[in-house]
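Student: Before we start, here is the structure in question, set down as structure tokens.
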Amino acid sequence: MIPPLPTEILHHIIKLSLPVVSFKSFRERYDLLLVYSLVNSTWRALGRKELYEELLVKDSREAAAVLSVEGAREAVKRVHLGCDESLASDELPDVDLGTVELPRSVKELRISGLCVNAEDLPSLGHLEVIHLRWFGLGYAMSSLPALPIPASLPLFSSLSTLSLLDPYLFLQSFPTWTRWFNPTHFPLLRQLSLGFTYSLQELGEDDDFHEAPSFLAPQLTTLSVTQGFSELGNDSDFPWTKFIALCELALFPNYWQPTGLLRAALQSVPGSLSMLRVGDCRDVDKRYQMENAWQEDVLGALATAFAEGSPSL
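In terms of the numbering used here, the sequence shown opens at residue 26 and continues consecutively.
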């Protein structure tokens with residue numbers, strides 16, 4: 026006989042017993058919650074609530090099906106759309122968010138391996154956190170007819186955190202970075218992650234990608250830059266000097282020349298940082314870490330920055 030416990034404590038027990046949410050752990054989470062649902066009606070209700078709070082689906086069709094289940098729309102808070110691994114093909118399927126109709130209860134959205142079109146964006150205006158990885162902006166499928174590039178994009182009035190990893194902007198169907206990556210569209214944005222993790226250096230490398238963050242830089246308090254196989258952050262166009270409110274900085278430099286990103290950031294960010302984090306690009310070939318004495322280069326660059334009186338440190 027299980028002794029009666031307050032609902033709040035039971036919910037906490039269930040949360041602590043589950044693995045961290047990911048595409049790889051979702052089946053394990055589901056099986057555990059299925060077992061909990063057999064205990065009694067209270068455990069079943071709490072397990073169901075926990076299951077629907079974090080929704081992991083491959084595409085908009087699966088999302089629409091799950092959200093049609095009774096109680097799901099009221100419970101869901103975070104939605105993961107797409108696949109866990111990157112796609113080898115340049116043909117990214119469309120996410121087609123118009124068929125999903127995300128509930129207002131959803132505050133966080135993660136999209137991976139899919140294409141986001143301009144007409145999908147109005148449905149995301151209420152979100153507070155968006156993570157996009159290995160994604161396209163605009164129409165990726167060459168078989169689709171070209172559509173006019175929208176003159177303007179919607180306002181993300183609640184968005185505070187945005188992550189863009191491995192972006193590809195299709196210039197024939199989406200406005201250029203500098204036309205929409207600004208405070209007008211993101212008035213409350215404070216945390217931004219930019220970067221690349223794969224070897225396709227041309228991803229997102231349209232003419233103004235490196236210049237675009239300059240418009241948002243003054244309002245950001247947290248920034249993360251991941252180089253992967255790119256030179257992101259090294260070039261003179263990257264607006265390090267404009268991050269005047271920056272408090273937390275995370276840098277993930279490439280393996281063959283990690284000091285370039287560290288020097289560029291620590292010599293140029295004007296304000297004193299409260300936290301600096303330096304890590305490796307986990308998706309990049311680990312051999313570089315050993316062959317190039319990556320750790321020694323990073324520590325040497327940090328020591329030099331301290332010795333030279335970096336304004337960031």
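The C-beta atom is built at its ideal place from N, Cα and C for all residues, glycine as well.
None of the values given here were measured: they were computed from a predicted structure.
Using the DSSP secondary-structure output, state which residues sit across from serine 42 in a beta bridge.
Tutor: Answer is none; serine 42 lacks a bridge partner.
Student: Of the residues Leu274, Glu321, Arg288, Thr284, which one's Cα is nearest the Cα of leucine 298?
Tutor: Comparing Cα positions, the closest option is Leu274.
Student: Mind checking whether valine 60 and leucine 80 have CB atoms under 8 Å apart?
Tutor: No. Outside cutoff.
Student: Quick check: serine 249 and glutamine 292, are their CB atoms within less than 8 Å of each other?
Tutor: No; because the gap between Cβ atoms is not below 8 Å, this pair is not in contact.
Student: Helix, strand or coil: how does DSSP classify serine 299 here?
Tutor: Residue state, collapsed to three classes: coil.
Student: Taking the straight line between their C-alpha atoms, what separation do you get for isoleucine 403 and glycine 163?
Tutor: In the structure as shown, the chain begins at 26 and stops at 338. Residue 403 is therefore absent and cannot be evaluated.
Student: CA-CA distance, proline 29 and alanine 97?
Tutor: So the two alpha carbons sit approximately 26 Å from each other.
Student: Tell me the rounded alpha-carbon separation between cysteine 272 and serine 218.
Tutor: In a straight line, the C-alpha of cysteine 272 is about 14 Å away from that of serine 218.
Student: Bridge partners of serine 249, per DSSP?
Tutor: Bridge partners of serine 249: Ser218, Ala275.
Student: Check whether the Cβ atoms of phenylalanine 181 and proline 208 lie closer than 8 Å to each other.
Tutor: Taking 8 Å as the Cβ cut-off, phenylalanine 181 and proline 208 do not qualify as a contacting pair.
Student: Going by beta carbon distance, what residues of the same chain come within less than 8 Å of glycine 325, once the five residues before and after it are set aside?
Tutor: Same-chain partners within the cutoff: Thr284.
Student: For the beta strand (DSSP E) that tyrosine 193 lies in, which residues bound it at each end?
Tutor: Run containing tyrosine 193: 186-194, per the beta strand (DSSP E) assignment.
Student: Distance check for glycine 138 and phenylalanine 221, CA to CA, integer angstroms please.
Tutor: Taking the straight line from one Cα to the other gives about 14 Å.
Student: Could you tell me whether the Cβ atoms of leucine 184 and leucine 134 are closer together than 8 Å?
Tutor: Not in contact: leucine 184 and leucine 134 (Cβ atoms no closer than 8 Å).
Student: Among residues of its own chain, excluding the 5 on either side of threonine 158, which ones have a beta-carbon nearer than 7 Å to its beta-carbon?
Tutor: Note that residue 158 corresponds to arginine in the displayed sequence, not to threonine. Counting only Cβ-Cβ distances below 7 Å, and skipping sequence neighbours, we find Ser137, Leu190, Asp191.
Student: According to DSSP, which residues form a beta bridge with serine 137?
Tutor: BP columns for serine 137 point to Gly107, Arg158.
Student: Determine the contact status of proline 200 and leucine 214, defining contact as a CB-CB distance below 8 Å.
Tutor: No; because the gap between Cβ atoms is not below 8 Å, this pair is not in contact.
Student: Ignoring anything shorter than 4 residues or poking outside the segment 59-111, list the alpha helix (DSSP H) runs there in chain order.
Tutor: You should have 66-78, 85-92, 97-100.
Student: Cβ atoms of valine 91 and aspartate 131: under 8 Å apart, would you say?
Tutor: Position check: residue 131 holds valine in this sequence, whereas aspartate was assumed. No, these two residues do not count as a Cβ contact at 8 Å.
Student: Apart from the five residues on each side of it in sequence, which residues of its chain come closer than 6 Å, Cβ to Cβ, to glutamine 216?
Tutor: Excluding sequence neighbours, glutamine 216 sits near Thr186, Thr247.
Student: Is isoleucine 155 buried or exposed, if buried means 16 or more other CB atoms sit within 10 Å of its CB?
Tutor: The residue in question, isoleucine 155, is buried, as its Cβ has 16 or more Cβ neighbours within 10 Å.
Student: In this structure, how does DSSP classify glycine 213 when only helix, strand and coil are distinguished?
Tutor: In the sequence as displayed, the identity of residue 213 is leucine instead of glycine. Looking at leucine 213 - three-state DSSP - the assignment turns out to be coil, as it is neither helix nor strand.
Student: Is the separation between the beta-carbon of alanine 290 and that of glycine 253 shorter than 8 Å?
Tutor: No.
Student: State yes or no: is the C-beta of tryptophan 68 within less than 8 Å of the C-beta of leucine 41?
Tutor: Result no, Cβ atoms of tryptophan 68 and leucine 41 do not sit closer than 8 Å.
Student: In the structure shown, what three-state DSSP assignment does leucine 338 receive?
Tutor: Coil, per DSSP.
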